[in-house]
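J.: To convert, count from 1 in the sequence shown and add 3; that's this note's numbering.
Note that CB positions come from ideal geometry on N, CA and C, so glycine has one too.
Before anything else, here's the structure in question.
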Amino acid sequence: MKNLLYTFLLVAFFSSCSEYQKAIKSEDIEVKTKMATKKYEAGKYEKAIRLFEQVSPVLKGKPEAENVFYMFSQSYYKTEQYYLSGYQFESFAALYPKSKNAEEAAFLGAKSYSKLSPVYSLDQVDTDKAINKLQDFINKYPNSQYLADANVVVKELREKLEKKAFEIAKQYNTIEDYKPAIKALDNFIADYPGTPYKEQALFYKLNASYQLAINSVPSKMEDRLNVAKAAQEALLNFNANTEYKKIADQMLVRIDKDLQQFSK
């Protein structure tokens with residue numbers, strides 16, 4: 004009985020493969036479309052794509068093209084080919100604005116670009132692009148069922164840009180390039196007033212200001228010491244119990260001591 008079942012499954016498998024190969028080689032668009040749909044519905048997206056690629060140019064402009072185009076776009080998305088799914092979904096939404104799937108296609112097209120967003124340490128061109136695409140979707144479909152998901156993705160992408168900006172500003176301090184560090188940290192704090200990295204940014208600004216001041220030439224030292232003192236006050240005003248309080252207080256002792264020479 005087991006051998007019979009195995010034989011049956013084997014025959015069914017090879018029969019299925021044979022039918023698929025025949026569809027690939029067939030000149031009949033209807034045969035290809037039916038097989039592509041069958042593979043799509045079975046979750047065999049890679050195989051469906053091969054056939055959709057063949058039939059899409061021929062079906063363009065025909066009534067059945069809408070459903071084929073939608074399945075084609077979904078197949079790219081399901082197989083994580085996000086450049087292609089982004090393009091296909093955008094094209095679908097533009098070609099079929101009245102389709103029942105237009106809103107979903109617009110969302111998944113924008114979301115596809117978010118899937119291309121790299122880790123924060125890399126270039127964020129694709130992140131910016133994804134945010135713009137998602138914002139366009141939100142503006143076009145303010146009452147969409149996908150609105151909450153779109154807002155979550157935008158938030159995650161913006162947090163990634165925020166992290167990137169902070170790490171760049173922090174890096175100037177790390178490599179002891181203190182003038183650019185102060186400017187970059189000031190810009191970061193201004194651009195992201197509610198950032199969770201604010202306390203760290205204020206400390207790194209203090210450190211950069213302090214190091215620049217105590218290693219300064221006499222003619223510039225007084226002004227730079229006062230800038231450092233203001234940075235120390237800003238940190239403590241933001242959080243009086245900051246984890247950096249001990250080192251910030253030590254810096255203030257040195258700042259006040261060095262300032263005494265200018266009060267004589």
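1) Going along the chain, which residues of its own chain have a beta-carbon closer than 7 angstroms to the beta-carbon of residue 237, five neighbours each way excluded?
2) Answer yes if the region 110-118 comes into contact with the region 75-86, meaning at least three C-beta pairs across the two stretches below 8 angstroms, and no otherwise.
3) Would you mind stating whether residue 227 and residue 216 have Cβ atoms separated by less than 8 angstroms?
4) Please tell me whether residue 74 and residue 92 are closer than 8 angstroms, where the distance is taken between their beta carbons.
5) Report the three-state DSSP secondary structure of residue 52 (helix, strand or coil).
6) Report the rounded CA-to-CA distance for residue 256 versus residue 244, giving the unit in angstroms.
7) Under 7 angstroms Cβ to Cβ from residue 134, same chain only, skipping five residues before and after it: list those, please.
8) Anyone know if the C-beta pair for residue 29 and residue 35 falls short of 8 angstroms?
9) Using only CA atoms, which one of 24, 258, 182, 179 lies nearest to residue 225?
10) Just to confirm my understanding: we take residue 99, look at its own chain, exclude 5 residues before and 5 after, and list those with CB closer than 7 angstroms. What are they?
11) How long is the line joining the alpha carbons of residue 50 and residue 63, rounded to whole angstroms?
12) Compare the C-alpha of residue 174 against each of 151, 208, 198 and name the closest.
13) To the nearest angstrom, how far is the alpha carbon of residue 144 from that of residue 44?
14) Excluding the 5 residues flanking residue 72 on each side, which residues of the same chain have their C-beta closer than 6 angstroms to its C-beta?
15) So, for residue 141: in the same chain, excluding its five sequence neighbours on each side, which residues have a beta-carbon less than 6 angstroms away from its beta-carbon?
16) Using the Cα positions of residue 192 and residue 220, report the straight-line distance between them to the nearest angstrom.
17) What residue from 183, 110, 253, 176 has the CA that sits closest to residue 148's CA?
18) Alpha carbon to alpha carbon, how far is residue 229 from residue 166?
19) Per DSSP, what kind of secondary structure is residue 177 in: helix, strand or coil?
20) Taking residue 135 as part of the alpha helix (DSSP H), name the residues at either end of that continuous run.
21) Should residue 97 be labelled buried (16 or more other beta-carbon atoms within 10 Å of its own) or exposed?
22) Report back the beta-carbon spacing between residue 61 and residue 39 to the nearest angstrom; my notes put them in contact at under 8 angstroms.
23) Name the two residues that bound the continuous alpha helix (DSSP H) containing residue 34.
T.: Walking through what the data contain:
1) Residue numbering aside, residue 237 sits at position 234 when the sequence shown is read from its first letter. The answer, listed in chain order, is 205.
2) yes
3) Counted from its first residue, the sequence shown places residue 227 at position 224. Counted from its first residue, the sequence shown places residue 216 at position 213. Contact flag set, yes.
4) Translated into positions along the sequence shown, residue 74 becomes position 71. Translated into positions along the sequence shown, residue 92 becomes position 89. No, the Cβ-Cβ distance between residue 74 and residue 92 is not below 8 angstroms.
5) Taking the first residue of the sequence shown as 1, we reach residue 52 at position 49. It is helical.
6) The count along the sequence shown starts at 1 and reaches residue 256 at position 253. The count along the sequence shown starts at 1 and reaches residue 244 at position 241. The alpha-carbon atoms of residue 256 and residue 244 are separated by roughly 18 angstroms.
7) Within the sequence shown, residue 134 is the residue found at index 131, counting from 1. So the qualifying residues of the chain are 157, 160, 161.
8) Locating residue 29 in the sequence shown gives position 26, where the first residue counts as 1. Locating residue 35 in the sequence shown gives position 32, where the first residue counts as 1. Their beta carbons are under 8 angstroms apart, which means residue 29 touches residue 35 by this criterion.
9) The residue you call residue 225 lines up with position 222 of the sequence shown. Looking at the Cα atoms, 258 is the closest of the given residues.
10) Residue 99 sits at position 96 when you count from the first residue of the sequence shown. Closer than 7 angstroms at Cβ, skipping near neighbours: 69, 105.
11) Within the sequence shown, the letter at position 47 stands for residue 50. Within the sequence shown, the letter at position 60 stands for residue 63. Answer to the nearest angstrom: the Cα atoms are 20 angstroms apart.
12) As a first step, residue 174 must be located in the sequence shown, where it is residue number 171. Looking at the Cα atoms, 208 is the closest of the given residues.
13) Counting from 1 along the sequence shown, the entry for residue 144 is found at position 141. Counting from 1 along the sequence shown, the entry for residue 44 is found at position 41. In a straight line, the C-alpha of residue 144 is about 28 angstroms away from that of residue 44.
14) If you number the sequence shown from 1, residue 72 lands on position 69. Here the set comprises 95.
15) Counted from its first residue, the sequence shown places residue 141 at position 138. So the list reads 153, once near-sequence residues are dropped.
16) As a first step, residue 192 must be located in the sequence shown, where it is residue number 189. As a first step, residue 220 must be located in the sequence shown, where it is residue number 217. Whole-angstrom Cα-Cα distance: 28 angstroms.
17) Residue mapping note: residue 148 aligns to position 145 of the sequence shown, counting from 1. Looking at the Cα atoms, 110 is the closest of the given residues.
18) Walking along the sequence shown from the start, residue 229 turns up at place 226. Walking along the sequence shown from the start, residue 166 turns up at place 163. C-alpha separation (whole angstroms): 29 angstroms.
19) Reading the sequence shown from its first residue, position 174 is the one you call residue 177. Correct three-state label for residue 177: helix.
20) Within the sequence shown, numbered from 1, the residue matching residue 135 stands at position 132. It spans 128-143 - the alpha helix (DSSP H) in which residue 135 sits, taken as one unbroken run.
21) Numbered from 1 along the sequence shown, position 94 holds the residue referred to as residue 97. Classification for residue 97: exposed.
22) Stepping through the sequence shown from its first residue, residue 61 is reached at position 58. Stepping through the sequence shown from its first residue, residue 39 is reached at position 36. Rounded, the Cβ-Cβ distance is 12 angstroms, inconsistent with contact.
23) Walking along the sequence shown from the start, residue 34 turns up at place 31. 32-44 is the span of the alpha helix (DSSP H), which, as asked, contains residue 34.
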